[in-house]
Amino acid sequence: MYLKVIINRARLNGIPIYCIVLVVTYLVVKYYSSTFKGSYIPLHLHKYLNFSESFKVSSVQLSPRDLNIAATSVELVNFEREVFNEKRFGNVGAETTIIVVQVHRDIERLQYLIVSLAQVHYIETTLLIFSHSYFDEAINKMIKKITFCRFMQIFYPFSVQLNPNKFPGIDPEDCLSSQTSKQFCSNRDARRTEYKHHWWWKAYFVFNKLDWSDKYRGVVIFLDESNYVLPDLLYMLRYSKRSLSVVTGISVMVFGRPYFKDLDYDLLIIDTWRPPYDNGLAFNKTVWKEIAALSSYFCTYDDLSWSYSLLNLFSRFRGGHVDMVSTMAPRVLTTSLYSTGHEAAEKIHMQLKGAPYFPLTVKAALVYSSTGRVDSGVNLPSKGTGGWSDLRDHLLCLDPLSTADQTTDATADDTTTTPKFVILPQINYSSAVIVVEDTMKRRRL
Numbered sequence: 147m148y149l150k151v152i153i154n155r156a157r158l159n160g161i162p163i164y165c166i167v168l169v170v171t172y173l174v175v176k177y178y179s180s181t182f183k184g185s186y187i188p189l190h191l192h193k194y195l196n197f198s199e200s201f202k203v204s205s206v207q208l209s210p211r212d213l214n215i216a217a218t219s220v221e222l223v224n225f226e227r228e229v230f231n232e233k234r235f236g237n238v239g240a241e242t243t244i245i246v247v248q249v250h251r252d253i254e255r256l257q258y259l260i261v262s263l264a265q266v267h268y269i270e271t272t273l274l275i276f277s278h279s280y281f282d283e284a285i286n287k288m289i290k291k292i293t294f295c296r297f298m299q300i301f302y303p304f305s306v307q308l309n310p311n312k313f314p315g316i317d318p319e320d321c322l323s324s325q326t327s328k329q330f331c332s333n334r335d336a337r338r339t340e341y342k343h344h345w346w347w348k349a350y351f352v353f354n355k356l357d358w359s360d361k362y363r364g365v366v367i368f369l370d371e372s373n374y375v376l377p378d379l380l381y382m383l384r385y386s387k388r389s390l391s392v393v394t395g396i397s398v399m400v401f402g403r404p405y406f407k408d409l410d411y412d413l414l415i416i417d418t419w420r421p422p423y424d425n426g427l428a429f430n431k432t433v434w435k436e437i438a439a440l441s442s443y444f445c446t447y448d449d450l451s452w453s454y455s456l457l458n459l460f461s462r463f464r465g466g467h468v469d470m471v472s473t474m475a476p477r478v479l480t481t482s483l484y485s486t487g488h489e490a491a492e493k494i495h496m497q498l499k500g501a502p503y504f505p506l507t508v509k510a511a512l513v514y515s516s517t518g519r520v521d522s523g524v525n526l527p528s529k530g531t532g533g534w535s536d537l538r539d540h541l542l543c544l545d546p547l548s549t550a551d552q553t554t555d556a557t558a559d560d561t562t563t564t565p566k567f568v569i570l571p572q573i574n575y576s577s578a579v580i581v582v583e584d585t586m587k588r589r590r591l
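Last residue of the sequence shown: 591 (this note's numbering), numbering continuous.
#1: Compute the Euclidean distance between the alpha carbons of glutamate 492 and lysine 193, then round it to the nearest angstrom.
#2: Can you give me the Cβ contacts of arginine 338 inside the same chain, cut-off strictly under 8 Å, excluding the 5 residues immediately before and after it?
#3: Would you identify the three-state DSSP class for glutamine 592, choosing helix, strand or coil?
#4: Quick one: give me the first and last residue of the alpha helix (DSSP H) that methionine 539 is part of.
#5: By Cβ distance below 6 Å, which residues in the same chain neighbour aspartate 424 in space, the five residues on each side in sequence not counted?
#6: Measuring straight from C-alpha to C-alpha, what distance separates lysine 387 and isoleucine 215?
#7: Below 7 Å CB to CB, which residues in the same chain sit around leucine 456 once its five sequence neighbours on both sides are set aside?
#8: Please state if the CB of isoleucine 416 and the CB of leucine 512 are separated by a distance shorter than 8 Å.
#9: With 16 as the cutoff for other CB atoms within 10 Å, does lysine 183 come out buried or exposed?
#10: Mind checking proline 314: buried by the 16 CB within 10 Å criterion, or exposed?
#11: Would you please state the rounded distance, in angstroms, between the beta carbons of isoleucine 285 and phenylalanine 297? I believe it to be under 8 Å.
#12: Counting along the chain, where does the beta strand (DSSP E) carrying histidine 278 start and finish?
#13: Would you call aspartate 317 buried or exposed, if buried means 16 or more other Cβ atoms sit within 10 Å of its Cβ?
#14: Cutting at 8 Å between CB atoms, please list the residues of its own chain near valine 223, excluding the five before and the five after it.
#15: For tyrosine 341 and tyrosine 350, I'd like the C-alpha separation in whole angstroms.
#16: Taking its Cβ as the centre, do 16 or more other Cβ atoms sit within 10 Å of leucine 483, making it buried, or is it exposed?
#17: Taking the alpha carbon of leucine 191 as the point to measure from, which residue in Leu383, Ile396, Lys348 and Tyr258 has its own alpha carbon closest?
#18: Please state if the CB of serine 397 and the CB of valine 468 are separated by a distance shorter than 8 Å.
#19: So, helix, strand or coil for phenylalanine 230, using DSSP?
#20: Is arginine 251 near valine 203, with beta carbons less than 8 Å apart?
#21: Counting only runs of 4+ residues fully inside the segment 188–215, write out the alpha helix (DSSP H) ranges in chain order.
#22: Excluding the 5 residues preceding and the 5 following threonine 553 in the sequence, name in chain order all residues of the same chain whose CB lies nearer than 8 Å to its CB.
#23: Secondary structure at aspartate 360, three-state DSSP: helix, strand or coil?
#24: On the DSSP bridge assignment, give the partners of tyrosine 374 in chain order.
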């Protein structure tokens with residue numbers, strides 16, 4: 147009714163009908179755009195949201211011709227290792243922060259991860275690496291649209307897609323294969339073993355096979371396509387790195403954990419690493435060399451989970467565990483708790499509306515008792531949950547490291563020259579708190 151009145155008044159005032167149609171069309175498009183994509187997402191980022199909640203990347207087996215094309219493309223991309231947007235943001239340096247995203251086929255969730263990454267402060271200083279286990283042109287085209295930072299793509303070459311009828315895909319002699327007639331066959335599920343293989347391969351590739359890998363001293367943050375990051379992720383990374391020079395013995399940084407209400411956004415906790423602190427895991431090449439030297443404890447551990455396999459490996463470190471510094475309030479969330487990425491993004495936006503991002507002072511806390519440091523400890527399972535007992539999986543996992551340089555470089559140091567810190571122990575003898583503060587921007591507490 148109101149629309150008709152407006153149109154009639156416009157015509158009486160001599161406004162051409164085509165102008166009215168253009169205005170109405172613009173308003174309709176703007177309304178539905180904000181309805182379906184979310185008014186909380188800046189308009190310039192809507193270009194990444196091209197896939198509806200019901201969209202699924204096809205999992206149909208490739209024809210021999212298409213399979214050959216995909217395999218050739220993967221080999222070429224991994225060989226060239228092209229970094230995009232370098233002309234705009236500069237070359238990748240020895241201390242550039244790298245964010246690695248493990249991607250399979252969930253493009254609907256991936257697009258919301260990209261939108262969240264685009265809103266991270268200082269994202270233009272990083273290199274974003276997408277590590278794929280599935281070759282798909284729709285995914286590739288979406289990633290090629292990225293303009294907010296440097297990025298590159300790599301492809302896991304031993305995927306199920308590229309090896310549909312042979313190991314490391316589904317072998318005809320595997321129990322899952324319809325072709326097998328043997329009484330004794332391997333119970334391995336290639337679709338499930340792939341994820342652990344891929345995680346290990348991409349870490350090896352990033353730390354050992356890129357043009358700058360030999361001199362790299364920066365930090366690598368590991369994400370998944372089902373993650374969603376908050377705007378101050380890299381801001382908190384800066385403080386997490388600074389805490390390493392204040393508290394000795396910390397090996398890894400973590401930015402994801404189960405979300406609860408009323409968590410402190412200005413607090414870092416120092417504790418023993420363990421799952422579920424596997425979202426947003428970050429470490430440098432020095433730690434990677436230590437991990438690679440103990441690769442058999444990861445690659446032969448009978449568990450499909452990369453995080454529990456890594457926990458088993460970390461139990462062989464000096465002291466029987468690895469210490470982490472983790473943000474109390476997570477900066478890396480998971481969308482897998484929701485049916486779609488769209489629903490997850492909306493819920494996260496509503497839950498965190500008004501959250502105190504970018505705290506002026508960040509505290510790192512270690513808790514002590516009369517008997518010493520208090521931590522959560524590690525309850526390592528007596529054995530894995532299974533699914534990773536095939537010797538072929540063990541050998542494939544170990545193979546990329548057979549020629550790797552596993553000597554520890556004593557000169558490699560992840561710390562950089564930073565302003566001085568202020569250490570303020572609490573009076574309470576049951577705990578101690580270290581306040582990590584940029585003295586050049588000191589403010590009254």
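Glycine residues also receive a C-beta, built at the ideal position from the N, C-alpha and C atoms.
On the basis of the coordinates in this document:
#1: Roughly 18 Å separates the two Cα atoms.
#2: Leu450 and Gly533, listed in sequence order.
#3: The structure shown does not extend to residue 592, since the chain spans only 147 to 591, so no value can be given for it.
#4: At residue 539 the sequence reads aspartate, which differs from the methionine that was named. Residues 537–544.
#5: Ser453
#6: 43 Å
#7: Phe444
#8: Cβ atoms of leucine 512 and isoleucine 416: closer than 8 Å.
#9: Residue placement at lysine 183 is poorly supported in this model, since its pLDDT is 49, which falls under 50; the coordinates still yield a value, given next. So lysine 183 counts as buried.
#10: buried
#11: With a Cβ gap of about 13 Å, isoleucine 285 and phenylalanine 297 do not count as contacting.
#12: The continuous beta strand (DSSP E) containing histidine 278 extends over residues 273–278.
#13: Burial state of aspartate 317 is buried, judged by a 10 Å Cβ sphere holding 16 or more other Cβ atoms.
#14: Gln299, Ile300 and Phe301
#15: 14 Å
#16: The Cβ neighbour count for leucine 483, taken over all protein chains shown within 10 Å, is under 16; the residue is labelled exposed.
#17: Tyr258
#18: yes
#19: Here phenylalanine 230 sits in strand by DSSP.
#20: yes
#21: none
#22: Because the pLDDT at threonine 553 is just 37, under 50, the model does not fix this residue reliably, and the value given afterwards should be weighed accordingly. The answer, listed in chain order, is Lys435.
#23: helix
#24: Leu479
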